[in-house]
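J.: Provided herewith is a single structure, encoded as structure tokens, for subsequent inquiry.
Chains as they are written, first to last, in the working numbering: chain E, 9 to 277; chain X, 5 to 365.
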């Protein structure tokens, strides 16, 4: 994967980034001593992470390392059993109202898109703004069209997800999440289910989004993406955060043996 | 079209070739074909004779049935009884009005471009029972009261099936959701309800509703027999419905639940906007199957003394004024049931096609 970012987006990124810098809220996500078990299996072990507003974090690691489970804990698609997760000042507990409040502010993009097949692209995007945010339909549709333009598929608005390619579906899924105007976006291996020729169109959208100052947590194997947009790269293995570093350091000078081995394997070909 | 694209080869339809390949390939198939052809020829003729050619269509009573074929006179002479039961003649317009409303609500559902058919359908589901509740028994708005013991025939069959269907679907949905709930008490209640009702034959439910229920009710509280039967049928049916719908809920990929959760929809909106529309669409064949079997099972109310269409026909067949008309009567009942069940089936297929948006996620 080369550097898919053009000079133009880079400069616009710089501008928006400097804007975002001024109102950066520290610690919009705080994970403190978090553990998770599936039955007796200890999947996540003592995770600690603080993410500031506008930060872009890439989480990588071998499969089964718990990285997907970790970001799914942040909007409580998975429950943690010990420790604290505080998102935008609200602690995630069993309280359903807290969970729904957090979920409204946290957008999520899944590996398998998970668009609603019985609704059109536009309806997919408007569903939550209309029913949860109580946005008037007209307004929600106008805003959805803006986001669909941003992910470059406004012309597909009235099609059903089943009629779109994988890359298009994933871009719709990103637009759908953005329609809720979230403060944080979580990406759970957004390009892993895509054919190679479609990966770039999705990554381009994500890079553009990163440039706009969105707080992003991204589980991905796209190291090119990590190099271009990440503020920090987190390497997980065996349910632990093994290493955490800015991308330049992470790729050129990894400290831990496990990280070195992983990077060798994935950058070998 | 480019040079390299080719048209798919056409499959030629040649009747003689087809027959040689499928009907007369080898001596065994030839014998079978000839045997079946012989049976068809010998049975179709007499059936046609009995149904139409030798049948009696005009006349006033049994003595006019002189031909060797069916005595359709019997049906036309007693049609009023078969449709309305003992409902007073001069008040039958009320039932006719309901039939008309039923037709107005549902016939347009077959016509793709009919204006406002969605509203007619909604009226059919929600409004019709309300109108019927006041119109058929009367007793309000200056309408003369007609005791439910006088209702009968096709009208009673339709009332039983219609209320059973319309009420059991929402109850079934709630039971199915409850059975998959994470709250142990709700789940427990739903499981027990479903397993108890589903394990009991409808006949037993009807007996209990008509004989045992009054024993448990306090003195003075007295439901009509019809209302008790309706409650029994509805609860029994909703247990079945719940299991059909649960099948649909389980078939929805987990990603759909997660995506709805991640959007912050909350439980009821997640179910109502995302999961149920897909799940119900998926189990339309199962739901319709249950509807159709309920429609036919309503004939069982005969044993608690309610005269549905089968009951009215059966009681007339034994009428000394009409001799040997049992076959005509039962053929008529079968035909009535077939018309309605086939209509339900066609509509559901229509619905499935229309709702098909592909299920690739």
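The beta carbon of each residue, even a glycine, is placed where N, CA and C say it ideally should be.
Helix, strand or coil for residue 91 of chain X per DSSP?
T.: coil
J.: I want to see whether chain X comes within less than 8 angstroms of residue 136 of chain E, judged by CB atoms only; does it?
T.: Yes, contact with chain X.
J.: Would you kindly report the start and end of the unbroken beta strand (DSSP E) that includes residue 273 of chain E?
T.: It is not in any beta strand (DSSP E) - residue 273 of chain E instead sits in the alpha helix (DSSP H) that spans 265 to 275.
J.: When we look at the beta-carbon of residue 65 of chain X and count the other beta-carbons within 10 Å, is it buried (16 or more) or exposed?
T.: Around the beta carbon of residue 65 of chain X, a 10 Å sphere encloses fewer than 16 other beta carbons of the protein chains shown; the residue is thus reported as exposed.
J.: Checking the sheet assignment: what are the DSSP bridge partners for residue 63 of chain E?
T.: In the DSSP output, where bridge partners are listed per residue, residue 63 of chain E has none listed.
J.: Specify the secondary structure class of residue 99 of chain E as computed by DSSP and reduced to three states.
T.: strand
J.: Any contact between the segment 57 to 74 of chain E and the segment 237 to 254 of chain E? By contact I mean 3 or more CB pairs, one from each, below 8 angstroms.
T.: yes
J.: Tell me which residues share the same chain as residue 30 of chain E and place their Cβ nearer than 7 angstroms to its Cβ, disregarding the 5 neighbours each side in the sequence.
T.: In this prediction, residue 30 of chain E scores a pLDDT of 44, lower than 50, which makes its location untrustworthy; no coordinate-derived value is stated.
J.: Relative to the C-alpha of residue 59 of chain X, which candidate in X/47, X/317, X/67 and X/76 has its C-alpha closest?
T.: X/76
J.: Are the Cβ atoms of residue 368 of chain X and residue 292 of chain X separated by less than 8 angstroms?
T.: The question about residue 368 of chain X has no answer, for chain X in this structure spans 5 to 365.
J.: Quick check for students: name the residue ranges of the beta strand (DSSP E) that lie wholly in the segment 172 to 231 of chain E, counting only runs of 3 or more.
T.: 192 to 196 and 223 to 227
J.: Of the residues that make up the segment 177 to 192 of chain E, which ones have a beta carbon closer than 7 angstroms to any beta carbon in chain X?
T.: 188
J.: In this structure, does DSSP put residue 57 of chain E in helix, strand or coil?
T.: strand
J.: I'd like to check one pair, residue 79 of chain E with residue 225 of chain E: are the Cβ atoms closer than 8 angstroms?
T.: yes
J.: When the cut-off is 8 angstroms and only beta carbons count, does residue 5 of chain X lie next to chain E?
T.: Any reading at residue 5 of chain X must be qualified, since the residue scores a pLDDT of 48, below 50, and its modelled position is unreliable; the value itself is stated next. Residue 5 of chain X does not count as touching chain E.
J.: I need the straight-line Cα distance from residue 114 of chain E to residue 137 of chain X, nearest angstrom please.
T.: 49 angstroms
J.: So within the segment 240 to 312 of chain X, which uninterrupted alpha helix (DSSP H) runs reach at least 4 residues, ignoring any that extend past its ends?
T.: Within the segment 240 to 312 of chain X, the complete alpha helix (DSSP H) runs of at least 4 residues are 258 to 266, 280 to 286 and 288 to 301.
J.: Whether or not the segment 146 to 165 of chain E and the segment 180 to 189 of chain E are in contact is what I'm after, with contact meaning three or more pairs of Cβ atoms, one per stretch, closer than 8 angstroms; do they touch?
T.: They touch, by the three-pair rule.
J.: Hey, residue 86 of chain E and residue 44 of chain E are a contact pair by Cβ (cut 8 angstroms); roughly how many whole angstroms apart?
T.: 7 angstroms
J.: Given residue 91 of chain E, which residues of its chain have a CB within under 6 angstroms of its CB, disregarding the five upstream and five downstream residues?
T.: 40, 41, 42 and 43
J.: Strictly below 7 angstroms CB to CB, what residues from chain X border residue 116 of chain E?
T.: Neighbours of residue 116 of chain E on chain X, chain order: 266.
J.: Check each residue of the segment 276 to 288 of chain X: if its Cβ is closer than 8 angstroms to any Cβ of chain E, include it; give the result in chain order.
T.: 277, 278, 281, 282 and 285
J.: Below 8 angstroms, can you find three or more Cβ-Cβ pairs linking the segment 206 to 223 of chain X to the segment 175 to 191 of chain X?
T.: no
J.: Using only alpha-carbon positions, find the residue among X/108, X/175, X/89 and X/101 that is nearest to residue 154 of chain X.
T.: X/89
J.: Short of 7 angstroms in beta carbon distance, which residues of its chain neighbour residue 140 of chain E, apart from the five on each side in sequence? Order them along the chain.
T.: Answer for residue 140 of chain E: 112, listed in chain order.
J.: For residue 89 of chain X, return the contacting residues in chain E, with the cut-off set at a CB-CB distance below 8 angstroms.
T.: The contacting residues do not exist; residue 89 of chain X stays about 43 angstroms from chain E at best.
J.: Helix, strand or coil: how does DSSP classify residue 367 of chain X here?
T.: The structure shown has nothing for residue 367 of chain X, since chain X only spans 5 to 365.
J.: Just to confirm the assignment, what range does the alpha helix (DSSP H) spanning residue 256 of chain E have?
T.: 255 to 260
J.: Under 8 angstroms between beta-carbons, which chain X residues line up against residue 108 of chain E? List them in chain order, please.
T.: 268 and 270
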